[in-house]
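With my numbering applied, the sequence shown covers 2 to 66. C-beta: ideal position from N, C-alpha, C; glycine also. All figures in this text were calculated on a predicted structure; none of them were measured in a lab. To start, the structure itself, in structure tokens.
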Amino acid sequence: MDSEVIARRIELLRQEHGDLEAAIEALQSAPAIDQLQIARIKKRKLRLKDEISMLEDMLIPDIIA
Numbered sequence: 002m003d004s005e006v007i008a009r010r011i012e013l014l015r016q017e018h019g020d021l022e023a024a025i026e027a028l029q030s031a032p033a034i035d036q037l038q039i040a041r042i043k044k045r046k047l048r049l050k051d052e053i054s055m056l057e058d059m060l061i062p063d064i065i066a
């Protein structure tokens, strides 16, 4: 994969991660808190974070010690 494509994908994933954080905050401040929905969003956020980390590792060349 091209490094520009990877960088763009990381940027999009970070934006989605931030959007999910905002959604969680909004749900937690709502009068009727839906714990199941919040848990699903948090799981999605963790998957995004893992994917971001994996893509960032692809951008960093391996250093041979």
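Exposure of residue i, with buried meaning 16 or more beta-carbon neighbours within 10 Å
i   : result
L13 : exposed
L49 : buried
Given residue i as reference, the closest of the options once Cα atoms are compared
i   : options            : result
A24 : E52, K43, M55      : K43
I11 : M2, I64, E52       : E52
A18 : L47, M59, I61, D58 : With the sequence shown as reference, residue 18 is identified as His, and Ala is not the correct amino acid for it. Of the listed residues, the one whose Cα sits closest to H18 is L47.
Straight-line Cα distance separating residue j from residue i
i   : j   : result
S54 : E26 : 23 Å
L56 : I7  : 6 Å
P62 : E22 : 30 Å
Any non-hydrogen atom of the ligand MN closer than 7 Å to residue i Cβ
i   : result
I61 : Ligands in the displayed structure: none, and consequently the ligand MN is not present.
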